[in-house]
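K.L.:
Can you keep this structure in mind? I'll have questions shortly.
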Amino acid sequence: MDLTPWVEAFDASVDRSMAWATDNGGLFFDLVRGALEGLFDLMVDGLIFVPFWLVAIAFGGIATRSLGWKAGLASAAALAFCRVMGLWTATVETMCLVLISVVLAVIIGVPVGVVAGYSRRLTRILEPMLDLIQTLPPYIYLLPAIAFLGYGPATAIVATFIVAVPPVVRLSAHGFRMTPIEFIELGQATGARPLDAFLKIRVPFALPSVMAGINQSLMMAFGMVVIAGIVGSGGLGETIYGAVRKLDIALSVNAAIAIVILTIIIDRISQSAGNSNGGTR
Amino acid sequence: MTRNDTAPYDAPLIECRSVWKVFGDRSRDAIAAIKSRGLGKREVLSEFGCVVGVHDACFTVGKGEIFCIMGLSGSGKSTLIRLLNRLIDPSLGEVLVKGRAINDMPAAELRDLRAHTIGMVFQNVALIPTRTVLENAAFGLEVQGVAPAERRRIAIDALTRVGLGDWLNRYPRELSGGMQQRVGLARALAADPEIILMDEPFSALDPLIRRQLQDEFRQLTKQLGKSAVFITHDLDEAIRIGDRIAIMKDGAMVQTGTAEEIVMNPADQYVADFVAGISRIHLVKAGSVMMPVGAFTAAPLDALPSAGLDADIDRLIHLVLASDHQAVAVIDGGKSVGVVTARTLLEGLKGDHAPAAGVA
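The listed protein sequences correspond, in order, to chains S and B.
Heads up: the first sequence begins at 1 in the working numbering, then just goes up one per residue.
Heads up: the second sequence begins at 1001 in the working numbering, then just goes up one per residue.
Here it is, written out as structure tokens:
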């Protein structure tokens, strides 16, 4: 039996629905694009306007507070080094892309995760979707994004967002699902209202897991944001993409170093935020 | 079926009327069969594949009473205690608290009942690790919406009662197991409930601390005039703490009574095996080991030292040894009601003596 016609019909329907969405959702996509790019430009312009050493010191300060002065000093020096390599603007752009994507992932992912933590049915629906997102090669998300939002940072943010959402949802749901039974009973037995039981019992126990999810999400976002260089995201991803095309090995190595620096700093800071929530205040 | 209007004034604080809990997918069918055909635990398991957690429990807990439920793991005691504040819904039968059926109590009333009338202390304490001792003790008050200054005052008071007044700002992990369980008790006491449900609170503690907490708990409960339902797998603990004891096996209450009643008159072999190792010296009272006055002819009664009905064997041994006639007259209401001799004491200690008087 020849199934080719069905496959063709399926492909055609996908194309048609894409075309329909582009034709009819134009205003919506323009709005999304405008909002994301506006936010991105605002953040980048702000951070570029501030002298680089102030940004480096600010990050050094945050790292000192959560990880100690050695880490703080190293973070500030490493960021200054990005500037020395002439990659300051690209570094700032990459940071903004990652932060915007992850903040969006947290805004959407945490509430979904909380509900999934309570509801088995939602978990059953979400599980295969999250599995699908995480198994498909991340490049795939650039295609629809570029079709709807065009070439530029908005596409990069949306694609990065898609990749960054699953760990937040999964680990939030896990955290809220794993509240020890005796503490749930404690809430009931003291006559706590559902909201109190949520805020005062579920949240403290779930927080470490939620924070781990955010950390994972940041790491996924750093991976994706480099790939998104292909669609003109700006930032280090685009620098690397350009350098690869021109076989400029030196530049691509520099940009890779800058990515590593940024990733390590943000990873460590977000990890320590997660840990400090688990133990004492 | 409301009973709140017909509740007598001196109704027991807690009353369980033929309460069943059946676990399993077909529990509904199983319950119907129990109702219509009077099936037992074994039939329910074989016919419906359902486990009977609590099997036809009937008991009452009076005001100021400490009621111990003793059973091994899997005997259904933890399920039973959770039926009393409806952490678990009964499958059949009803639970009355202060004369009010709680089975279909609306959520708000149930919350109110749990907040003000029934406190609970858990086996694994359940102190929230991110809160200090003080904040943990104030948790119940906090969720009831008591103002911060007020709940602080009450929680400090409760912590002081359990001897933790100097540990207010420590975190639970800085405390030993015994101290943590004291915080758990303080948290329950802070809400000033009439009834405290104790779910094996001391079983994870080492023996010395456990004994100390048992005595403190009993003293504190009596002093504050609270009632308690206390779950334990340790008969010694039940005897130390409880005014009355219920022994559970396979979800059913095998015997209910005072420690003395259970030790002197075990209802079946299971209970008899349990009480075999229990020391009777402080448990068994004169009323259980005396012989009728008429059976004693060795000496005139007024020549004997005397003791009350509730003198324990330890005290009677001292009196008998000190007496010239090796006997003690038991006095109740100014009259001699029996005589304890060395022989009756030995029989009482041995255990299979069928008491002539004093035990129902």
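Heads up, the beta-carbon is just placed ideally off N, CA and C, and yes, glycines get one too.
In three-state terms, what does DSSP make of residue 1200 of chain B?
P.N.:
Walking along the second sequence from the start, residue 1200 of chain B turns up at place 200. Here residue 1200 of chain B sits in coil by DSSP.
K.L.:
Should residue 1338 of chain B be labelled buried (16 or more other beta-carbon atoms within 10 Å of its own) or exposed?
P.N.:
Indexing the second sequence from 1 puts residue 1338 of chain B at position 338. Result: buried.
K.L.:
Select from S:70, S:97, S:22 the residue whose C-alpha is nearest the C-alpha of residue 218 of chain S.
P.N.:
Along the first sequence, one-based indexing puts residue 218 of chain S at 218. Here the closest residue by C-alpha is S:97.
K.L.:
Leaving out the 5 sequence neighbours to the left and right, which residues in its chain are closer than 6 Å to residue 236 of chain S when beta-carbon positions are compared?
P.N.:
For the purposes of this step, residue 236 of chain S is taken as residue 236 along the first sequence, with counting starting at 1. Cβ neighbours of residue 236 of chain S beyond the five flanking positions: 90, 94, 255, 258, 259.
K.L.:
Have a look at B:1249, B:1278, B:1254 and flag the residue whose alpha-carbon is nearest the alpha-carbon of residue 1260 of chain B.
P.N.:
Here residue 1260 of chain B is taken as the residue at index 260 of the second sequence, counted from 1. The residue with the shortest Cα to Cα distance from residue 1260 of chain B is B:1278.
K.L.:
Under 8 Å between beta-carbons, which chain B residues line up against residue 179 of chain S? List them in chain order, please.
P.N.:
To locate residue 179 of chain S, count along the first sequence from 1; it is residue 179. The premise fails here: residue 179 of chain S is roughly 11 Å from chain B at the closest Cβ pair, so nothing lies under 8 Å.
K.L.:
Would you mind giving the Cβ-Cβ distance between residue 138 of chain S and residue 227 of chain S, rounded to the nearest angstrom? I have them listed as a contact below 8 Å.
P.N.:
Looking up residue 138 of chain S in the first sequence gives position 138. Looking up residue 227 of chain S in the first sequence gives position 227. Yes, they are in contact, since the Cβ atoms of residue 138 of chain S and residue 227 of chain S sit about 6 Å apart, within 8 Å.
K.L.:
Quick check on this structure: which residue in S:16, S:17, S:22 has the alpha carbon closest to the alpha carbon of residue 150 of chain S?
P.N.:
Position 150 of the first sequence holds residue 150 of chain S. Selected option, being the one with the closest Cα: S:22.
K.L.:
So, helix, strand or coil for residue 1318 of chain B, using DSSP?
P.N.:
Taking the first residue of the second sequence as position 1, residue 1318 of chain B is located at position 318. Helix.
K.L.:
Strictly under 8 Å for the Cβ-Cβ distance: is residue 274 of chain S near chain B by that measure?
P.N.:
Your numbering for residue 274 of chain S matches position 274 in the first sequence. Closer than 8 Å: no.
K.L.:
Does DSSP put residue 1244 of chain B in a helix, a strand or coil?
P.N.:
Sequence index remark: in the second sequence, residue 1244 of chain B carries index 244 (1-based). Residue state, collapsed to three classes: strand.
K.L.:
Curious, which full-length alpha helix (DSSP H) runs of at least 4 residues does the stretch 1242-1277 of chain B contain?
P.N.:
With a minimum length of 4 residues, the continuous alpha helix (DSSP H) runs that stay inside the stretch 1242-1277 of chain B are 1259-1264, 1269-1275.
K.L.:
Whose C-beta lies closer than 7 Å to the C-beta of residue 1178 of chain B among residues of the same chain, with five residues either side of it excluded?
P.N.:
Within the second sequence, numbered from 1, the residue matching residue 1178 of chain B stands at position 178. Excluding residues within five positions, the ones whose Cβ falls inside 7 Å are 1205, 1209, 1213.
K.L.:
Determine the burial state of residue 241 of chain S: buried for a count of at least 16 other Cβ atoms within 10 Å of its Cβ, exposed for fewer.
P.N.:
Reading the first sequence from its first residue, position 241 is the one you call residue 241 of chain S. With 16 or more other Cβ atoms within 10 Å, it is buried.
K.L.:
Measuring CA to CA, which of S:148, S:130, S:104 is closest to residue 28 of chain S?
P.N.:
For the purposes of this step, residue 28 of chain S is taken as the residue at position 28 of the first sequence. Nearest of S:148, S:130, S:104 to residue 28 of chain S, Cα basis: S:148.
K.L.:
Using a Cβ cut-off of 8 Å (strictly closer), state whether residue 1115 of chain B contacts chain S.
P.N.:
Here residue 1115 of chain B refers to the residue found at position 115 of the second sequence. By this cut-off, residue 1115 of chain B is an interface position.
K.L.:
Checking contacts by CB at 8 Å: is residue 175 of chain S closer than that to chain B?
P.N.:
Taking the first sequence and counting its residues from 1, one reaches residue 175 of chain S at position 175. It does not; no Cβ of chain B falls within 8 Å.
K.L.:
Please tell me whether residue 208 of chain S has its Cβ less than 8 Å away from any Cβ of chain B.
P.N.:
Against the first sequence, residue 208 of chain S aligns to sequence position 208. Output row for residue 208 of chain S: interface = no.
K.L.:
For residue 1310 of chain B, would you say it is in contact with chain S, using Cβ-to-Cβ distances shorter than 8 Å as the test?
P.N.:
Position 310 of the second sequence, counting from 1, holds the residue named residue 1310 of chain B. With 8 Å as the cut-off, residue 1310 of chain B does not count as an interface residue toward chain S.
K.L.:
Name the chain S residues that come within less than 9 Å of residue 1340 of chain B, Cβ to Cβ?
P.N.:
Position 340 of the second sequence, counting from 1, holds the residue named residue 1340 of chain B. Within chain S, no residue comes near residue 1340 of chain B; the closest Cβ sits about 47 Å away, beyond 9 Å.
K.L.:
What residues in the stretch 179-194 of chain S bring their beta carbon closer than 8 Å to a beta carbon of chain B?
P.N.:
Those would be 180, 182, 183, 185, 186, 187, 188, 189, 190, 191, 192, 193, in chain order.
K.L.:
According to DSSP, is residue 178 of chain S helix, strand or coil?
P.N.:
Residue numbering aside, residue 178 of chain S sits at position 178 when the first sequence is read from its first letter. Residue state, collapsed to three classes: coil.
K.L.:
When the Cα of residue 201 of chain S is compared with those of S:213, S:188, S:212, S:211, which residue comes out closest?
P.N.:
Looking up residue 201 of chain S in the first sequence gives position 201. The candidate whose alpha carbon is nearest that of residue 201 of chain S is S:188.
K.L.:
For a contact defined as C-beta to C-beta under 8 Å, what are the partners of residue 200 of chain S on chain B?
P.N.:
Mapped onto the first sequence, residue 200 of chain S falls at position 200. Within chain B, the residues near residue 200 of chain S are 1128, 1139, 1142, 1143.
K.L.:
Kindly indicate which residue of B:1171, B:1110, B:1187, B:1176 has the alpha-carbon position closest to the one of residue 1161 of chain B.
P.N.:
In the second sequence, residue 1161 of chain B corresponds to position 161, counting from 1. Comparing Cα positions, the closest option is B:1187.
K.L.:
To the nearest whole angstrom, what separates the beta carbons of residue 1021 of chain B and residue 1053 of chain B, a pair I think is in contact under 8 Å?
P.N.:
Walking along the second sequence from the start, residue 1021 of chain B turns up at place 21. Walking along the second sequence from the start, residue 1053 of chain B turns up at place 53. The pair is a contact, with the Cβ atoms about 4 Å apart (cut-off 8 Å).
K.L.:
How many angstroms separate the CA atom of residue 1309 of chain B from the CA atom of residue 1343 of chain B?
P.N.:
The count along the second sequence starts at 1 and reaches residue 1309 of chain B at position 309. The count along the second sequence starts at 1 and reaches residue 1343 of chain B at position 343. C-alpha separation (whole angstroms): 18 Å.
K.L.:
Would you list the one or two residues that DSSP bridges to residue 1338 of chain B?
P.N.:
As a working mapping, residue 1338 of chain B is identified with position 338 in the second sequence. Note: residue 1338 of chain B sits in a beta bridge opposite B:1330.
K.L.:
Going by DSSP, name the residue or residues bridged to residue 1312 of chain B.
P.N.:
Counting from one through the second sequence, the residue named residue 1312 of chain B turns up at place 312. Residue 1312 of chain B pairs with B:1285.
K.L.:
Taking 8 Å as the threshold (beta carbon to beta carbon), is residue 196 of chain S in contact with chain B?
P.N.:
By one-based count along the first sequence, residue 196 of chain S stands at place 196. Output row for residue 196 of chain S: interface = yes.
K.L.:
Residue 204 of chain S versus chain B: which residues are under 7 Å apart at the beta carbon?
P.N.:
Position 204 of the first sequence holds residue 204 of chain S. Within chain B, the residues near residue 204 of chain S are 1128, 1130.
K.L.:
Kindly give me the distance between the Cβ atoms of residue 106 of chain S and residue 214 of chain S, rounded to whole angstroms, as I take these residues to be in contact under 8 Å.
P.N.:
Mapped onto the first sequence, residue 106 of chain S falls at position 106. Mapped onto the first sequence, residue 214 of chain S falls at position 214. Sure, about 6 Å apart at Cβ, within 8 Å.
K.L.:
Near residue 273 of chain S, which residues of its chain fall below 7 Å by C-beta distance, leaving aside the five closest residues on each side in sequence?
P.N.:
Position 273 of the first sequence, counted from the start, is the residue given in the question as residue 273 of chain S. If we look at residue 273 of chain S and ignore the five residues flanking it on each side, its Cβ neighbours are 66, 211.
K.L.:
Starting from residue 1291 of chain B, find everything on chain S with Cβ-Cβ shorter than 9 Å and list it in chain order.
P.N.:
Locating residue 1291 of chain B in the second sequence gives position 291, where the first residue counts as 1. Within chain S, no residue comes near residue 1291 of chain B; the closest Cβ sits about 50 Å away, beyond 9 Å.
K.L.:
Please list, in chain order, all residues of the same chain as residue 1055 of chain B whose beta carbon is under 6 Å from its beta carbon, the five residues on each side excluded.
P.N.:
The residue given as residue 1055 of chain B occupies position 55 in the second sequence. 1041, 1251, 1252.
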